[in-house]
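Asker: Protein chains in written order, with my numbering: chain A, 2 to 322; chain B, 546 to 907. The structure follows.
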Amino acid sequence: MWSYLFKRLLHMVPLLLGVSLLTFLLMALSPGNYYTALQQNPQISPDTIARLKAQFHLDQPWYVQYIYWLENVLRGNFGYSMAYHIPATSLIIARLWNTFLLSFFALIIAWGVAVPLGIWAAVKRGSWVDHGCSFIAFVGLSVPDVLLSLLALWFAAATGWFPVGGAESPLHDFMSPAQQIWDRVHHLILPAIVLASSDLAGIMRRMRSCLLDTLRAEYVTAARARGLGEGWVVWKHALRNAINPLLTIFGYSLAALLSGAFIVENIMAWPGLGRLTMEAFFAKDSYLVVDCVVMATGLLVAGNFIADLLLAWSDPRIRLK
Amino acid sequence: MNETAPIQSPAIEQPLSPWRLFWRRLRQRRIAMLGGVILVVLYLVALFAGFVAPYRYDHLDTNYSFHPPIWPKPQGFHLVVPRYEPGNGAFIYRLVPNGTKPLRFFIRGDRYKLFGFIPATIHLFGTRDPNYPVYLLGTDQFGRDVLSRLLYGSQISLSIGIIGILLSFTFGMIIGGISGYFSGWTDTVIMRLCELIMSIPALYLIISLRNTFPPGMSSARVYAMIVVILSFIGWASMARVIRGMTLSLREQQFVLAARALGQSHLKVIVRHILPNTFSYVIVAATLSVPYYILGEVVLSFLGVGIQEPNASWGNMLTAAQNTEYLQNYPWLLAPGAAIFVTVLAFNFLGDGLRDAADTKSL
Numbered sequence: 002m003w004s005y006l007f008k009r010l011l012h013m014v015p016l017l018l019g020v021s022l023l024t025f026l027l028m029a030l031s032p033g034n035y036y037t038a039l040q041q042n043p044q045i046s047p048d049t050i051a052r053l054k055a056q057f058h059l060d061q062p063w064y065v066q067y068i069y070w071l072e073n074v075l076r077g078n079f080g081y082s083m084a085y086h087i088p089a090t091s092l093i094i095a096r097l098w099n100t101f102l103l104s105f106f107a108l109i110i111a112w113g114v115a116v117p118l119g120i121w122a123a124v125k126r127g128s129w130v131d132h133g134c135s136f137i138a139f140v141g142l143s144v145p146d147v148l149l150s151l152l153a154l155w156f157a158a159a160t161g162w163f164p165v166g167g168a169e170s171p172l173h174d175f176m177s178p179a180q181q182i183w184d185r186v187h188h189l190i191l192p193a194i195v196l197a198s199s200d201l202a203g204i205m206r207r208m209r210s211c212l213l214d215t216l217r218a219e220y221v222t223a224a225r226a227r228g229l230g231e232g233w234v235v236w237k238h239a240l241r242n243a244i245n246p247l248l249t250i251f252g253y254s255l256a257a258l259l260s261g262a263f264i265v266e267n268i269m270a271w272p273g274l275g276r277l278t279m280e281a282f283f284a285k286d287s288y289l290v291v292d293c294v295v296m297a298t299g300l301l302v303a304g305n306f307i308a309d310l311l312l313a314w315s316d317p318r319i320r321l322k
Numbered sequence: 546m547n548e549t550a551p552i553q554s555p556a557i558e559q560p561l562s563p564w565r566l567f568w569r570r571l572r573q574r575r576i577a578m579l580g581g582v583i584l585v586v587l588y589l590v591a592l593f594a595g596f597v598a599p600y601r602y603d604h605l606d607t608n609y610s611f612h613p614p615i616w617p618k619p620q621g622f623h624l625v626v627p628r629y630e631p632g633n634g635a636f637i638y639r640l641v642p643n644g645t646k647p648l649r650f651f652i653r654g655d656r657y658k659l660f661g662f663i664p665a666t667i668h669l670f671g672t673r674d675p676n677y678p679v680y681l682l683g684t685d686q687f688g689r690d691v692l693s694r695l696l697y698g699s700q701i702s703l704s705i706g707i708i709g710i711l712l713s714f715t716f717g718m719i720i721g722g723i724s725g726y727f728s729g730w731t732d733t734v735i736m737r738l739c740e741l742i743m744s745i746p747a748l749y750l751i752i753s754l755r756n757t758f759p760p761g762m763s764s765a766r767v768y769a770m771i772v773v774i775l776s777f778i779g780w781a782s783m784a785r786v787i788r789g790m791t792l793s794l795r796e797q798q799f800v801l802a803a804r805a806l807g808q809s810h811l812k813v814i815v816r817h818i819l820p821n822t823f824s825y826v827i828v829a830a831t832l833s834v835p836y837y838i839l840g841e842v843v844l845s846f847l848g849v850g851i852q853e854p855n856a857s858w859g860n861m862l863t864a865a866q867n868t869e870y871l872q873n874y875p876w877l878l879a880p881g882a883a884i885f886v887t888v889l890a891f892n893f894l895g896d897g898l899r900d901a902a903d904t905k906s907l
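Have a look at this one:
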């Protein structure tokens with residue numbers, strides 16, 4: 002078990018290195034940088050720009066920049082945001098935490114709703130419950146995140162039940178701790194639901210088909226033949242084996258979730274990594290773009306690692322390999 | 546079937562070819578056929594967008610900003626268009642009593658180019674009178690007809706999906722075929738590259754790729770750029786699956802026979818191995834087109850894709866991001882509904898194709 006996990010962990014290192022190298026290369030290929038705009042400004046002398054460029058190693062070839070960057074990142078220093086004029090580390094950590102919160106809650110909502118619904122649809126196969134679920138799944142798969150986020154904004158603005166965008170109200174700092182927590186949750190609910198609903202359909206369909214497969218298995222028939230109650234058969238015999246293939250899509254659903262979070266953050270003004278990426282992109286703050294991409298990938302890779310962990314825990318065939 | 550045979554005994558039924566069998570299984574699925582029909586209609590309308598749209602995508606009418614939808618009403622044997630006047634206050638319009646004009650078909654209007662090269666002025670419907678506009682889906686903040694922009698936008702949004710899929714799946718199949726066929730270090734390098742691309746959350750990768758292109762490109766170049774970006778990401782997952790299929794296919798007798806006959810590696814891959822993956826590829830392609838359409842929508846929505854005044858479903862939705870607009874002028878969400886219908890139709894068709902291709906579960 003441990004050697005398997007250790008191997009998976011080691012596998013992540015070259016992957017993250019490769020991703021950072023790729024994004025760095027893409028950044029080097031991009032025309033202009035933050036200082037191209039500054040050069041147009043007659044009030045800033047060329048000497049100042051040259052000095053600033055040298056300070057951030059922007060006068061060096063990209064692979065030298067990469068080595069400097071990597072060295073700093075390994076020390077936990079994500080450099081300096083040229084557009085925000087603050088160290089990028091604090092900025093990224095705060096945004097990463099927000100994206101994590103959003104994705105985590107969306108994940109809980111999506112799985113918490115999809116798994117029971119999938120089980121229900123599979124057990125009541127062919128009934129109106131099943132048809133209703135598959136209809137919801139089709140609609141859920143087809144509604145684009147962009148539209149859903151816009152509708153959620155509309156809903157928030159029309160009813161006034163939820164704040165329109167943002168992660169906390171302007172008075173957040175003056176609230177008592179309990180109010181602060183409620184304020185955060187209140188802002189989180191709508192984006193998390195939007196994000197979850199795009200993921201829900203796929204999980205529900207998968208859960209249903211996995212459970213249907215195991216319900217047809219002979220050991221389930223055998224369990225029924227021994228006179229076990231239907232609830233017991235589904236819960237103890239069928240479901241236990243239907244969970245494994247479901248866990249393998251956990252990783253995929255995470256990738257979709259992070260891309261979905263990118264859209265939701267940008268439309269609903271949730272200050273997460275996706276929003277930061279776009280802000281940095283428009284400000285031509287290239288290092289910050291690279292940092293964001295690497296952090297998002299890190300989040301995804303970490304999620305996949307957790308998926309492996311869960312799979313190893315639930316399926317002895319994998320951890321004993 | 547075999548039509549050269551002069552006499553055919555009616556008692557012997559010809560076995561159906563796999564494609565005919567596939568078609569018959571698909572025909573039985575109502576939902577899939579419905580999806581297919583919707584798609585045919587959507588693509589036909591997109592092809593003739595200039596003709597169907599009453600106005601050009603950049604036809605401005607600043608007196609009619611945020612005009613609500615105007616629907617022709619039946620009157621006797623004609624359809625007549627009511628007239629509205631700008632009222633007091635911002636974007637409030639009053640109905641002018643008794644002021645109607647009959648709706649006419651095949652009228653002359655804005656110039657456009659049919660299929661992109663035939664100059665034409667004939668439009669499907671309109672009133673000929675600029676004081677009697679027909680805005681079936683209302684207008685946007687510049688007084689441009691939402692329906693016309695939706696139709697012009699569909700040309701971009703719908704075609705990007707198909708072209709993107711063609712490009713990335715062709716690359717994915719060939720690279721995956723090469724990877725599985727040769728194995729060894731070629732395989733290792735290609736598969737690591739695929740893993741690399743697939744491990745970056747798609748939209749983050751799209752934005753870093755977008756970063757490598759200069760801002761302020763012409764719309765044709767932006768279009769090409771979006772296709773290139775989406776294909777750069779899309780080929781990886783295809784290549785992985787094709788590689789897996791190739792690994793088992795290359796040990797099959799017919800492949801060994803082709804190799805024994807001395808055919809070149811490339812020919813074996815393209816002529817003998819890849820055709821056997823087609824049924825999977827077609828299903829996967831149908832189910833993946835929505836992702837390409839959505840990719841364009843998101844890029845244009847965020848302002849880094851198709852630029853104004855050109856219309857795309859994505860950049861039309863940008864206006865709806867303003868909650869004040871959204872609450873008062875909900876027809877701005879029309880492109881969102883169009884995206885939804887398109888994606889739903891692709892999912893319906895894709896699901897039916899998958900069931901029809903799966904011959905095991907009869």
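Idealized CB from N, CA, C, for every residue including glycine.
Am I right that residue 615 (chain B) and residue 597 (chain B) are in contact with their C-beta atoms under 8 Å? What's the rounded C-beta distance?
Answerer: Not confirmed; about 17 Å, so no contact.
Asker: If you check the beta carbons only, do residue 20 (chain A) and residue 744 (chain B) fall under 8 Å apart?
Answerer: Their beta carbons are under 8 Å apart, which means residue 20 (chain A) touches residue 744 (chain B) by this criterion.
Asker: If you check the beta carbons only, do residue 143 (chain A) and residue 892 (chain B) fall under 8 Å apart?
Answerer: Closer than 8 Å, so yes.
Asker: Excluding the five sequence neighbours on either side, which residues of its own chain have a C-beta within less than 7 Å of the C-beta of residue 248 (chain A), listed in chain order?
Answerer: Correct list, in chain order: 308, 311, 312 and 315.
Asker: Exposed or buried, residue 858 (chain B), counting other C-beta atoms within 10 Å across all chains shown (16 or more means buried)?
Answerer: The residue is buried, with at least 16 neighbouring Cβ atoms inside 10 Å.
Asker: Counting only C-beta atoms, is residue 754 (chain B) closer than 8 Å to chain A at any point?
Answerer: Interface residue, yes.
Asker: Could you tell me which whole alpha helix (DSSP H) segments of length 4 or greater appear in the region 552 to 618 of chain B?
Answerer: The region 552 to 618 of chain B contains these whole alpha helix (DSSP H) runs: 563 to 572, 575 to 592 and 594 to 597.
Asker: Quick one: list the residues of chain A neighbouring residue 884 (chain B), beta-carbon separation under 7 Å, in chain order.
Answerer: Those within 7 Å of residue 884 (chain B) in chain A are 145 and 148.
Asker: Could you tell me if residue 907 (chain B) is buried or exposed, where buried requires 16 or more neighbouring beta carbons within 10 angstroms of its beta carbon?
Answerer: In this prediction, residue 907 (chain B) scores a pLDDT of 42, lower than 50, which makes its location untrustworthy; the coordinate-derived value is nonetheless stated afterwards. Answer is exposed; the Cβ neighbour count stays below 16.
Asker: Select from B:688, B:622, B:705 and B:719 the residue whose C-alpha is nearest the C-alpha of residue 840 (chain B).
Answerer: Residue 840 (chain B) has its Cα closest to that of B:705, out of B:688, B:622, B:705 and B:719.
Asker: Just the C-alpha distance for residue 714 (chain B) and residue 826 (chain B), rounded to the nearest angstrom, thanks.
Answerer: Distance between the alpha carbons of residue 714 (chain B) and residue 826 (chain B): 8 Å.
Asker: Measuring alpha carbon to alpha carbon, tell me which residue in B:772, B:871, B:720 and B:621 is nearest residue 850 (chain B).
Answerer: The residue with the shortest Cα to Cα distance from residue 850 (chain B) is B:772.
Asker: Report the option in B:786, B:880 and B:741 whose CA atom is closest to the CA atom of residue 692 (chain B).
Answerer: The shortest Cα separation from residue 692 (chain B) among B:786, B:880 and B:741 belongs to B:880.
Asker: Take the Cβ of residue 809 (chain B) as the centre, count every other Cβ of all protein chains shown within 10 Å, and call the residue buried at 16 or more, exposed below.
Answerer: Flag for residue 809 (chain B) reads exposed.
Asker: When burial is assigned at 16 or more other CB atoms within 10 Å of the CB, is residue 873 (chain B) buried or exposed?
Answerer: Exposed is the call here.
Asker: Using beta carbons (cut-off 8 Å, strictly below), is residue 853 (chain B) in contact with chain A?
Answerer: It does not; no Cβ of chain A falls within 8 Å.
Asker: In chain order, what residues of the same chain have a beta carbon less than 7 Å from the beta carbon of residue 720 (chain B), not counting five sequence neighbours either side?
Answerer: Excluding residues within five positions, the ones whose Cβ falls inside 7 Å are 735, 780 and 784.
Asker: Tell me the residue span of the beta strand (DSSP E) that contains residue 655 (chain B).
Answerer: Per DSSP, residue 655 (chain B) belongs to the beta strand (DSSP E) from 649 to 659.
Asker: Using a Cβ cut-off of 8 Å (strictly closer), state whether residue 892 (chain B) contacts chain A.
Answerer: Residue 892 (chain B) counts as touching chain A.
Asker: Taking contact to mean 3 or more Cβ pairs, one atom from each stretch, closer than 8 Å, check whether the region 584 to 603 of chain B and the region 652 to 668 of chain B are in contact.
Answerer: With the cut-off at 8 Å, the region 584 to 603 of chain B and the region 652 to 668 of chain B touch.
Asker: Report buried or exposed for residue 801 (chain B), applying the criterion of at least 16 other Cβ atoms within 10 angstroms of its Cβ.
Answerer: Residue 801 (chain B) comes out exposed.
Asker: By the DSSP assignment, the alpha helix (DSSP H) with residue 282 (chain A) in it spans what residues?
Answerer: Looking at the DSSP string, the run of the alpha helix (DSSP H) that includes residue 282 (chain A) is 274 to 283.
Asker: Counting along the chain, where does the alpha helix (DSSP H) carrying residue 259 (chain A) start and finish?
Answerer: Unbroken alpha helix (DSSP H) run through residue 259 (chain A): 240 to 268.
Asker: Residues in the same chain with beta-carbon distance under 7 Å from residue 177 (chain A), minus the five sequence neighbours each way, listed in chain order, please.
Answerer: Nothing meets the Cβ criterion.
Asker: Looking at C-alpha atoms only, which residue of B:662, B:710 and B:843 is the closest neighbour of residue 832 (chain B)?
Answerer: Measuring from the Cα of residue 832 (chain B), the nearest candidate turns out to be B:710.
Asker: Beta-carbon within less than 8 Å of residue 623 (chain B)'s beta-carbon, same chain only, minus the 5 sequence neighbours each way: which residues are those?
Answerer: The answer, listed in chain order, is 647 and 648.
Asker: At 4 residues or longer, and completely inside the region 140 to 188 of chain A: list those alpha helix (DSSP H) runs for me, N to C.
Answerer: Those alpha helix (DSSP H) runs which fall completely within the region 140 to 188 of chain A and span 4+ residues are 146 to 160.
Asker: Assuming residue 846 (chain B) and residue 863 (chain B) form a contact by the criterion Cβ under 8 Å, report the distance between their Cβ atoms to the nearest whole angstrom.
Answerer: Indeed they touch by this definition, with Cβ atoms about 6 Å apart.
Asker: By how many angstroms is the C-alpha of residue 191 (chain A) removed from the C-alpha of residue 611 (chain B)?
Answerer: Approximately 28 Å between the Cα atoms of the pair.
Asker: What does residue 67 (chain A) pair with, by DSSP beta-bridge criteria?
Answerer: In the DSSP output, where bridge partners are listed per residue, residue 67 (chain A) has none listed.
Asker: Please confirm whether residue 104 (chain A) has its beta-carbon closer than 8 Å to some beta-carbon of chain B.
Answerer: No, residue 104 (chain A) does not count as interfacial toward chain B.
Asker: Pick helix, strand or coil for residue 86 (chain A), following the three-state DSSP scheme.
Answerer: Coil, per DSSP.
Asker: Should residue 303 (chain A) go down as buried or exposed, given a rule of 16 or more other Cβ atoms within 10 Å for buried?
Answerer: Exposed is the call here.
Asker: What residues of chain A sit near residue 636 (chain B), judged by a beta carbon separation below 7 Å?
Answerer: Neighbours of residue 636 (chain B) on chain A: none; closest Cβ ~17 Å, over 7 Å.
Asker: So what does DSSP say about residue 962 (chain B), is it helix, strand or coil?
Answerer: With chain B covering 546 to 907 only, the question about residue 962 (chain B) has no answer from this structure.
Asker: Restricting to Cα atoms, I'd like to know which of A:220, A:292, A:85 and A:188 is closest to residue 75 (chain A).
Answerer: Out of A:220, A:292, A:85 and A:188, A:292 has the C-alpha closest to the C-alpha of residue 75 (chain A).
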